[in-house]
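Everything on this sheet refers to the single structure shown next.
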Amino acid sequence: MEMKDQELIRLYLNGDIGALNILVKRYHKPVFNYILKLVGNREAADDLAQTVFIKCYKSLRRLKDHNRFAPWLYRIAVNVVRDYWRQRRDMAPLDDESDDVNSLTNLLASDDDPYEAVEAEQRAELVRRALKMLPQEQREVLVLKIYQGLKFTEIAEIVDAPLNTVKSRLYYGISALKKIFQRWNIPELKHYEV
């Protein structure tokens, strides 16, 4: 049976560094994927995820409610990504070059039907491009809710916004995505479940 986050935190705070390693392994992929969806570049996402876990390591002792570890960690990730964008305001919001190479590599290595894989990759690319067109606040909420599966209350805590604001951002984000798909006149994406 897996140990709960709060048990691992307690062990770590009592000197068991292995407990922190378990937490990092547990959350690295979800945090990395969250950041990747926001920045669109694997190298940058990897660097930013590493920064998140360094900040986690440095400040875990200050976490008061150990039951709130996941929202606390995602809050760190949100702040790290916001700092990243603040430093790069004059740059394009997302760099897809490395993702294109990785997608092609994954596609060639796949055992699935290549035609289905190409179609799935094309749909995923269209969704990525549409997400890039949304305001940062809507994109953050969409990724946290739909891709990370977090509850509205957790998202509100992570993005430091009232619950109704989070729900509004999700609603307007989904509406904007549907309009983008309609504008692109892509029938199978008009009703695409993001």
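Number 1164 marks the last residue of the sequence shown (the working numbering); no jumps. Just so you know, even glycine gets a beta-carbon here, dropped at the ideal spot from N, CA and C.
Buried versus exposed call for residue i [16 or more other C-beta atoms within 10 Å across all chains shown]
i     : result
Q1108 : buried
W1042 : buried
V1111 : buried
Q1118 : buried
F1002 : buried
F972  : Here residue 972 is Glu; the residue named in the question, Phe, does not match the sequence. It is exposed - the Cβ of E972 has fewer than 16 other Cβ atoms within 10 Å.
R1058 : exposed
G985  : exposed
E1127 : buried
L1074 : Annotation note: pLDDT 40 at L1074 (below 50); position unreliable, coordinate value reported separately. Under this definition L1074 is an exposed residue.
I1024 : exposed
Alpha-carbon spacing of residue i relative to residue j, whole angstroms
i     : j     : result
A932  : H998  : As shown, the chain starts at 971 and ends at 1164. That puts residue 932 outside it, with no answer to give.
A1090 : A1015 : 23 Å
Q976  : Q1152 : 45 Å
L981  : L1018 : 26 Å
L978  : N1037 : 11 Å
V1129 : S1145 : 20 Å
Span of the alpha helix (DSSP H) around residue i
i     : result
Q976  : 975-983
V1050 : 1039-1057
Q1152 : 1133-1153
G988  : 987-1009
E1127 : 1122-1129
L1117 : Residue 1117 is actually Tyr in this sequence, not Leu. Segment: none, Y1117 is in no alpha helix (DSSP H) and carries neither H nor E.
K1028 : 1012-1029
E1110 : 1106-1112
field: the region 980-990 touching the region 1007-1014, judged by at least three CB pairs closer than 8 Å
entry: The answer is no - the region 1007-1014 does not touch the region 980-990, with fewer than three Cβ pairs under 8 Å.
query: With contact counted as at least three CB pairs below 8 Å, one residue from each stretch, are the region 1133-1143 and the region 1111-1122 in contact?
result: Counting C-beta pairs with one atom in each stretch, the region 1133-1143 and the region 1111-1122 have three or more that are closer than 8 Å, which means they touch.
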